[in-house]
Structure formats: C-alpha cells, structure tokens
Amino acid sequence: MKLVYLLFIALFCLTAGESQTEHQKVEKIIKECQQEFASTVNEIKNINLGVINPDTGKQVLCVHRKLGTLDQNGDVIHDKFKQHIKAITDDENHRKEFQDKCGQTKGSNSEVKAINFDKCIQSVIASNNL
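The sequence shown finishes on residue 129 if you use numbering that gives the first Met the number 0, and the numbering steps up by one all the way, no holes.
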C-alpha cells in the first residue's frame, strides 16, 4: 500500500520545481474534496488501483473542477488542461500524447467522464514513467 502511495506521488513529479508545485496543488485539492464529501478515501488513488466506489465520480469531478481541467459537465477545459500537463512533463511528445488520448472526455454523465478522464491521465503517466 505504501508503494502504491509513493508511486502516486511520483506520477505527478517529473521536474523538481514545477512538478512538485503541481503535485502539492493536486494533493491539497484532493484533501479539500475529501472534506467536502466527508470522506477519508482518496478516490484518485483508488482509480489507480482499479477500485471504483459509488462516490468516486463525485470526488474525482471535484478534484478536476478545482484544478480547472474539467467543467461541471465533465468536459475538458483545454487551456487549463494544457497548463496541467505542462506542469507534469517538459517533453512535447508526452504532452501531445496527453492531448490526443485524454483531450476529449467520454461517458454518460459528468462523474463517469471525470473517472474516465482521470484513468486516461494515469494511464499516460504510467506508460511514460512520468
């Protein structure tokens, strides 16, 4: 379990300055959303583990709305998404992969879109060892 948490932390950190700041921002927002929904569960981490709970979509949508990457309908806000991935990686090919694979959300409602969006981001991060 500790290894999974360390992996999660490492996923958002590629460059020392910017990525660490982005990682801290994400962690802070996750905690805010946990408090909003009176949850002790980090649903972003659960998605990485393949665990989807009834409240997963609510918390994940909350996180991405506060990051500015998704709107209330679960659709990508492209300029904010570009800023977010720029903070994750300096590599233009990786940025393009994020845009190509995750730049359009899919799902029946905003929560499902948020879950699928986060799965996509985590998949690109993992496949590129970011």
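Backbone N, C-alpha and C define an ideal beta-carbon position, used for all residues, glycine too.
Quick caveat, the model's predicted, so the values are computed rather than measured.
Who does residue i pair with in a DSSP beta bridge?
i, result
"Leu48", "Leu48 pairs with nothing; no bridge assigned."
Looking at the structure shown, is residue i part of a helix, part of a strand, or coil, going by DSSP?
i, result
"Leu129", "coil"
"Val25", "helix"
"Val40", "coil"
"Phe11", "For Phe11, the predicted model reports a pLDDT of 44, less than 50, meaning its position is unreliable and no value from the coordinates is stated."
"Gly56", "helix"
Quick check: the Cα distance between residue i and residue j, rounded to an integer number of angstroms?
i, j, result
"Val62", "Cys32", "6 Å"
"Lys141", "Pro53", "No statement about residue 141 is possible, as the shown extent of the chain runs from 0 to 129 and does not include it."
"Lys24", "Gly49", "23 Å"
"Asn115", "Lys105", "7 Å"
"Ala86", "Glu21", "6 Å"
"Lys27", "Asp90", "25 Å"
Throw me the rounded Cβ distance for the residue i and residue j pair, which I believe falls under 8 Å.
i, j, result
"Gly102", "His77", "7 Å"
Exercise. List in chain order: all unbroken alpha helix (DSSP H) runs of 4+ residues lying wholly within the region 61 to 125.
Key: 77 to 87 and 91 to 101
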